[in-house]
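Protein chains: 2
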Amino acid sequence: MFTGLSAFPLTPLANDEVDEGAFAGLVRRLAAAKVDSITALGSTGSYAYLTGGERRRVARLAVENAGDVPVFVGIGALRTSQVLANAEQAEQAGASGLLLAPMTYQPLTEDDVFELFRAVTAQSPLPVIVYDNPGTTHFAFSTELYGRIAELPGIASIEIPGVPDDPEQARERIRDIRSVIPAHVTVGVSGDAKAAAGLAAGCDAWYSVIGGTLPDPALRITRAAQEGRIADALAESERLAPLWRLFTEYGGSLRVIAAVAEQLGLAPRACLPLPILGLGERQRARVAGVLDDLGLGRASGG
Amino acid sequence: MFTGLSAFPLTPLANDEVDEGAFAGLVRRLAAAKVDSITALGSTGSYAYLTGGERRRVARLAVENAGDVPVFVGIGALRTSQVLANAEQAEQAGASGLLLAPMTYQPLTEDDVFELFRAVTAQSPLPVIVYDNPGTTHFAFSTELYGRIAELPGIASIEIPGVPDDPEQARERIRDIRSVIPAHVTVGVSGDAKAAAGLAAGCDAWYSVIGGTLPDPALRITRAAQEGRIADALAESERLAPLWRLFTEYGGSLRVIAAVAEQLGLAPRACLPLPILGLGERQRARVAGVLDDLGLGRASGG
Numbered sequence: 004m005f006t007g008l009s010a011f012p013l014t015p016l017a018n019d020e021v022d023e024g025a026f027a028g029l030v031r032r033l034a035a036a037k038v039d040s041i042t043a044l045g046s047t048g049s050y051a052y053l054t055g056g057e058r059r060r061v062a063r064l065a066v067e068n069a070g071d072v073p074v075f076v077g078i079g080a081l082r083t084s085q086v087l088a089n090a091e092q093a094e095q096a097g098a099s100g101l102l103l104a105p106m107t108y109q110p111l112t113e114d115d116v117f118e119l120f121r122a123v124t125a126q127s128p129l130p131v132i133v134y135d136n137p138g139t140t141h142f143a144f145s146t147e148l149y150g151r152i153a154e155l156p157g158i159a160s161i162e163i164p165g166v167p168d169d170p171e172q173a174r175e176r177i178r179d180i181r182s183v184i185p186a187h188v189t190v191g192v193s194g195d196a197k198a199a200a201g202l203a204a205g206c207d208a209w210y211s212v213i214g215g216t217l218p219d220p221a222l223r224i225t226r227a228a229q230e231g232r233i234a235d236a237l238a239e240s241e242r243l244a245p246l247w248r249l250f251t252e253y254g255g256s257l258r259v260i261a262a263v264a265e266q267l268g269l270a271p272r273a274c275l276p277l278p279i280l281g282l283g284e285r286q287r288a289r290v291a292g293v294l295d296d297l298g299l300g301r302a303s304g305g
Numbered sequence: 004m005f006t007g008l009s010a011f012p013l014t015p016l017a018n019d020e021v022d023e024g025a026f027a028g029l030v031r032r033l034a035a036a037k038v039d040s041i042t043a044l045g046s047t048g049s050y051a052y053l054t055g056g057e058r059r060r061v062a063r064l065a066v067e068n069a070g071d072v073p074v075f076v077g078i079g080a081l082r083t084s085q086v087l088a089n090a091e092q093a094e095q096a097g098a099s100g101l102l103l104a105p106m107t108y109q110p111l112t113e114d115d116v117f118e119l120f121r122a123v124t125a126q127s128p129l130p131v132i133v134y135d136n137p138g139t140t141h142f143a144f145s146t147e148l149y150g151r152i153a154e155l156p157g158i159a160s161i162e163i164p165g166v167p168d169d170p171e172q173a174r175e176r177i178r179d180i181r182s183v184i185p186a187h188v189t190v191g192v193s194g195d196a197k198a199a200a201g202l203a204a205g206c207d208a209w210y211s212v213i214g215g216t217l218p219d220p221a222l223r224i225t226r227a228a229q230e231g232r233i234a235d236a237l238a239e240s241e242r243l244a245p246l247w248r249l250f251t252e253y254g255g256s257l258r259v260i261a262a263v264a265e266q267l268g269l270a271p272r273a274c275l276p277l278p279i280l281g282l283g284e285r286q287r288a289r290v291a292g293v294l295d296d297l298g299l300g301r302a303s304g305g
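Residue numbers (the numbering used here), protein chains in the order written: chain A, 4 to 305; chain B, 4 to 305.
Written as structure tokens, this is what we have:
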């Protein structure tokens with residue numbers, strides 16, 4: 004289940020409330036595109052900004068609208084007791100797995116993070132994805148800590164933040180990780196620009212930002228890699244380079260993918276939680292131009 | 004009001020609930036020591052980990068137990084609407100000022116942060132302290148942004164994360180900041196090890212971690228600096244160097260000051276919010292040894 008394309012939808016807001024219709028529409032679009040799994044309330048889904056009640060409702064909506072596609076739910080929070088409450092809610096909503104990043108305000112130690120994962124896996128019957136996202140959590144996992152946590156019963160997958168640019172170094176990095184984790188734990192790559200390289204290097208899954216809004220090109224990359232057509236996967240990723248450049252220029256993927264969803268009419272204008280203002284007019288015009296150039300300028304084009 | 008020693012008490016937890024008796028005791032201790040202000044729900048007060056309800060209750064307890072000492076309340080949160088709700092609660096609790104750090108999960112832009120402060124100062128009648136704490140927020144204020152925000156009506160003070168080690172460079176840094184902010188906005192230093200140097204360099208205030216648990220040595224430093232006895236302030240800070248070294252070695256001030264409060268019987272054992280485990284046994288023994296060496300090993304000694 005923790006292989007292939009896991010698509011991360013936005014949780015669009017309108018006037019500081021979850022736009023449930025827009026969110027359900029995004030999830031139905033992903034189910035129709037036949038992604039391998041949907042991860043609601045990932046970083047792209049703004050989990051860190053939402054209340055417990057909002058998160059419960061979003062988890063339920065995701066499961067209700069995903070059809071046969073398994074839904075994973077992000078449960079991260081700053082306090083362990085809140086994480087455990089989110090895990091219970093996700094289970095009650097019908098989630099097939101949990102995504103957990105060690106959010107920080109005070110920097111955490113490796114023991115702090117290990118005990119957090121121990122507490123969650125001890126309480127919840129659901130499989131857990133270890134979410135290593137240092138750009139938002141500012142926590143740096145060591146490879147050794149991957150190994151300690153992956154030994155916990157219930158750990159299903161590790162989402163790594165990328166792979167080295169050099170293909171041989173990328174393969175070596177994945178081999179290093181696999182050498183410290185049990186065989187049943189999959190390795191998934193995030194950081195969309197690195198995804199094709201990660202799959203080529205041996206990752207089992209892609210935890211994907213663009214997959215949540217533009218599932219078709221993400222599926223082309225994923226299916227090519229799964230079928231051993233590595234050159235095709237890398238070529239499709241290279242074709243999307245103008246999009247990856249916007250991610251870099253505009254401070255990360257979130258603001259860009261929100262503008263994409265807004266441009267395609269999949270989310271209301273200014274759908275990110277304040278204080279995140281989102282892109283300005285000129286930036287949005289560039290996003291629209293890139294979408295058109297890539298043939299992704301209409302919602303039906305995925 | 005935004006000058007001198009502002010003492011930041013812990014918000015001790017016991018079994019994942021606020022230990023209201025211990026918190027009230029800490030606040031009464033600070034009032035008795037005659038600190039210049041008390042900042043509840045600062046980083047030391049674990050504001051980021053607490054629910055809205057817990058924060059309302061803590062703000063009320065702080066005001067109720069502070070006697071004549073003004074109480075400032077930390078209102079930071081990841082979402083602007085939550086910040087505004089916290090500001091309103093703090094006002095209702097009787098706070099004399101607000102402390103606001105731009106918490107991040109997704110990295111924020113300068114415009115995002117400016118608009119956050121604009122929203123708060125537009126809504127709340129209370130004066131606001133701009134809390135620049137990059138070690139926890141991972142947001143880096145530019146001096147120019149200090150200036151933009153300080154022009155907003157209602158901004159009262161800027162809490163800077165420290166000053167350069169070189170005394171002349173430290174004075175220059177404070178002059179630089181003053182050159183871009185209105186005269187009524189004070190500058191306060193945090194980072195306890197740098198506090199005497201910051202006061203010597205011209206800071207108006209010390210936003211103090213140790214002041215919340217060990218007010219007496221913090222007051223000795225502050226009063227010496229205020230009376231122009233810079234050498235005495237620096238000497239007292241140098242005397243406390245073993246404590247500053249523990250802050251560095253043990254990953255910041257919070258775990259150490261929590262162990263200090265626990266050692267002095269001012270907070271229950273393991274008073275920090277999980278997943279923060281706090282110090283281990285050997286580390287605690289070193290903290291106790293340093294307290295004894297400094298003559299701070301008894302609660303009455305402050």
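All C-beta atoms, glycine included, are put in the ideal place defined by N, C-alpha and C.
Just verifying my parser: in three-state terms, what is the DSSP assignment at residue i?
| i | result |
| --- | --- |
| Ser-240 of chain A | helix |
| Glu-154 of chain B | coil |
| Gly-201 of chain B | helix |
| Leu-277 of chain B | coil |
| Ile-184 of chain B | coil |
| Leu-148 of chain B | helix |
| Leu-246 of chain A | helix |
| Arg-226 of chain B | helix |
| Gln-109 of chain A | coil |
| Ser-168 of chain A | The question names Ser, but residue 168 of chain A in the sequence shown is Asp. Residue state, collapsed to three classes: coil. |
| Ser-127 of chain B | coil |
| Leu-217 of chain B | coil |
| Leu-269 of chain B | coil |
| Ala-143 of chain B | coil |
| Phe-5 of chain B | coil |
| Arg-301 of chain A | coil |
| Gly-79 of chain A | coil |
| Arg-121 of chain A | helix |
| Leu-257 of chain A | helix |
Below 7 Å between beta carbons: does that hold for residue i and residue j?
| i | j | result |
| --- | --- | --- |
| Val-183 of chain A | Ala-173 of chain A | no |
| Pro-218 of chain A | Val-38 of chain A | yes |
| Ala-90 of chain B | Val-123 of chain B | yes |
| Arg-258 of chain A | Gly-281 of chain A | yes |
| Ala-96 of chain B | Arg-63 of chain B | yes |
| Gly-157 of chain A | Val-131 of chain A | yes |
| Ala-264 of chain B | Ala-273 of chain B | no |
| Trp-247 of chain B | Ala-198 of chain B | no |
| Ala-27 of chain B | Asn-68 of chain B | yes |
| Cys-206 of chain A | Gly-194 of chain A | no |
| Leu-129 of chain A | Gly-150 of chain A | no |
| Ala-65 of chain A | Val-30 of chain A | yes |
| Gly-56 of chain B | Pro-110 of chain A | no |
| Ala-43 of chain A | Val-76 of chain A | yes |
| Phe-142 of chain A | Pro-105 of chain A | yes |
| Ala-159 of chain A | Phe-5 of chain A | yes |
| Ser-49 of chain A | Thr-14 of chain A | yes |
| Ser-240 of chain B | Ile-260 of chain B | no |
| Glu-113 of chain A | Leu-148 of chain A | yes |
| Leu-81 of chain A | Ala-125 of chain B | no |
Have a look at the DSSP bridge pairing and note the partners of residue i.
| i | result |
| --- | --- |
| Gly-191 of chain B | B:Glu-162 and B:Ala-208 |
| Val-74 of chain B | B:Ile-41 |
| Tyr-134 of chain A | A:Glu-162 |
| Leu-103 of chain B | B:Val-133 |
To the nearest whole angstrom, what separates the beta carbons of residue i and residue j, a pair I think is in contact under 8 Å?
| i | j | result |
| --- | --- | --- |
| Ser-9 of chain B | Trp-209 of chain B | 7 Å |
| Ala-236 of chain A | Ala-204 of chain A | About 11 Å; that fails the 8 Å criterion. |
| Ala-244 of chain A | Gln-266 of chain A | Not a contact, Cβ separation roughly 19 Å. |
| Gly-268 of chain B | Ala-302 of chain B | 6 Å |
| Pro-12 of chain A | Gly-215 of chain A | 4 Å |
| Pro-278 of chain B | Thr-83 of chain A | 5 Å |
| Ile-78 of chain B | Leu-103 of chain B | 6 Å |
| Ile-161 of chain B | Ile-180 of chain B | 7 Å |
| Leu-249 of chain A | Arg-289 of chain A | 7 Å |
Practice prompt. Taking only runs that begin and end inside the segment 8-67 of chain B, name each unbroken beta strand (DSSP E) of 3 or more residues, in chain order.
Written response: 40-43
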